[in-house]
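2 protein chains.
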Amino acid sequence: MPGLPDAVVPVALAADLVVLTLVDGSLHVLAVRRAEAPFIGRWALPGGFVREGESAQRAAERELAEETGLGSRVHLEQLASYSDPARDPRGRVVSVAHLALVPADDAPPEAMRAGGDAAEVAWLPVTDDGSTAEPLAFDHARILRDGVERARAKLEYSALAAAFCEEEFTVGELRRVYDAVWGVRLDARNFHRKVTGARGFLDPVGTTTTRDGGRPAALFRRGPASTLNPPITRPPEPD
Amino acid sequence: MPGLPDAVVPVALAADLVVLTLVDGSLHVLAVRRAEAPFIGRWALPGGFVREGESAQRAAERELAEETGLGSRVHLEQLASYSDPARDPRGRVVSVAHLALVPADDAPPEAMRAGGDAAEVAWLPVTDDGSTAEPLAFDHARILRDGVERARAKLEYSALAAAFCEEEFTVGELRRVYDAVWGVRLDARNFHRKVTGARGFLDPVGTTTTRDGGRPAALFRRGPASTLNPPITRPPEPD
DNA sequence: GATAGTTATCGTCATAACGACGACAAAGGA
DNA sequence: TCCTTTGTCGTCGTTATGACGATAACTATC
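Chains A and B, in that order, are what the protein sequence lines are.
Add 156 to the 1-based position in the first sequence for the working numbering, that's all there is to it.
Add 156 to the 1-based position in the second sequence for the working numbering, that's all there is to it.
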């Protein structure tokens, strides 16, 4: 490390991804089955090492494109970094975790890019406590929990829920995002009043759709407002 | 990097700190004047390299103790990581920035630990747009802005404001934290009603104080509630 | 010791927002 | 045709909010 003090310990930098989506109306996370040691055969969050001249953000974008084939239409933000010296048995690996939200039923894992370093890819269901049925490699369970919690919190005061929807979506589709991510059932009528009444939150397209069955629903796009004031209140947990 | 792929590029890991406090009722950030190149003579956020066997969190705690002499009574949380390859001219240095909030007028910079690697330490005033009058080294202006924005956002829905106060504080002291961090003037009566009415937010001590002048004010401690529902709404910017 | 200044705290009132519903509309399927 | 599903508009009582008046209890000052 030229130019830096001698005592500086070199670390490897990884960019890992918590990619969330909705499958059949419930929250799922993208996972890859590890083909090498350590944790061989275990499910892990997709990710990889940051390359030379690359920021963690750009590495995350690259990994996301590699794993899902999705370029745009994806929300991507930095989540947190994990630097416990013992988190990777191979050595000092620091992970900059990112949170990605992709529209429902987009990018099925079957459509995986060939030639990737990951053998098997799947959407794993996320339980209410933000974990998966099967254990994850490394400290990825913790990272997933943090990612789910971040997504849950941001739904309250931001327009993030639309990231789970197509470009044009109905109020009901948006509400089902909240239902799935929060694990609740919001009242359709109050939700409708709330989101259509929030200025700048939804832009009416003018057309309708019947793709969800029932009466035709008006289509909307994300409005210019990124934050929602007052926020949508998450119902208190009944436990 | 034994056990890791050859292509993995080693980076140096730094833990930097956005330490905020209130000085004379206005927001200030802890800064050190750099004694070496690069950016020699410039103000910079305190921080240092993560040592062997140390997590970024622990490095931040260590740096915070070194710079301020404060151990507990400090709120410390991870803010974000900054990994632009060009952010440090010396080489690949990734900074895990942390946000620390210390009680008002605690830990004056004069009380700096001797023998530190930083020559001069000061509380710099933070402007409304989250910057300092003098430019900061590296990308620290960006980090500071993110830290201030995080603090502002968290005041809305969390009990974080109490981190700027002593163990026991009055409602007025708490309100002045909001005034300073948000750059507004909240109505004392509505604020009092709001925070004393929020269950679990404030624990009454039972005693009073006159240290702020005027009529004696009841003393409180932080209650068990860490989040505030409904949140304290930040008044809209008049711009 | 009266008085002004400061801060704390309680109350009022109109308005806005919310939660729980009822009611009806408009589609598809049985 | 009827039933089910989903969407949308209203109603009503409760709660929260913003703006502000009024009073209480201390300190500093004249």
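Glycine included, C-beta positions come from ideal geometry on N, C-alpha and C.
Tell me whether the beta-carbon of residue i lies closer than 8 Å to the beta-carbon of residue j.
i, j, result
"L255(B)", "R306(B)", "yes"
"L280(A)", "A354(A)", "no"
"T283(B)", "V258(B)", "no"
"V252(A)", "P166(B)", "no"
"F205(B)", "D244(B)", "no"
"L178(B)", "A336(B)", "yes"
"S211(B)", "S314(A)", "no"
"A381(B)", "F347(B)", "no"
"L316(B)", "H184(B)", "no"
"R246(B)", "L169(A)", "no"
"P241(B)", "G209(A)", "yes"
Looking at the C-beta of residue i, does it have a partner C-beta in chain B at a distance below 8 Å?
i, result
"A274(A)", "The pLDDT assigned to A274(A) is 46, lower than 50, so where the model puts this residue is not dependable, and the model offers no usable value."
"P391(A)", "no"
"R246(A)", "yes"
"P386(A)", "yes"
"E217(A)", "no"
"A168(A)", "yes"
"G209(A)", "yes"
"V258(A)", "no"
"F195(A)", "no"
Tell me, please, whether the CB atom of residue i is closer than 8 Å to any CB atom in chain A?
i, result
"F325(B)", "no"
"A200(B)", "no"
"L232(B)", "no"
"G271(B)", "At G271(B), the pLDDT of 46 sits below 50, so the modelled position is not reliable; the number obtained from the coordinates is stated separately. Judged by the 8 Å Cβ criterion, G271(B) is not in contact with chain A."
"D343(B)", "no"
"P241(B)", "yes"
"F205(B)", "yes"
Does DSSP put residue i in a helix, a strand or coil?
i, result
"L311(A)", "helix"
"V304(A)", "helix"
"A212(B)", "helix"
"R269(A)", "Its pLDDT being 49, under 50, R269(A) is placed unreliably by the model, and the measurement read from it follows with that caveat. Coil."
"E290(A)", "coil"
"L280(A)", "strand"
"L160(A)", "coil"
"L226(B)", "coil"
"A297(A)", "helix"
"A236(B)", "strand"
"A253(A)", "strand"
Closer than 7 Å: is that where the CB of residue i sits relative to any heavy atom of the ligand SAH?
i, result
"L176(B)", "With respect to small molecules bound, the structure shown includes none, and the ligand SAH cannot be examined in it."
Taking only runs of the alpha helix (DSSP H) that begin and end inside the stretch 314 to 387 of chain A, which ones reach a length of at least 4 residues, in chain order?
327 to 338, 344 to 353
Whole runs of the alpha helix (DSSP H) within the stretch 164 to 208 of chain A, excluding any shorter than 4 residues:
none
Quick one: any contact between the stretch 193 to 200 of chain A and the stretch 229 to 243 of chain A, if contact means 3 or more CB pairs under 8 Å?
no
Count the CB pairs spanning the stretch 372 to 380 of chain A and the stretch 317 to 334 of chain A that are closer than 8 Å, and state whether there are at least three.
yes
Pairing CB atoms from the stretch 380 to 389 of chain A with CB atoms from the stretch 382 to 394 of chain B, are three or more of them under 8 Å?
yes
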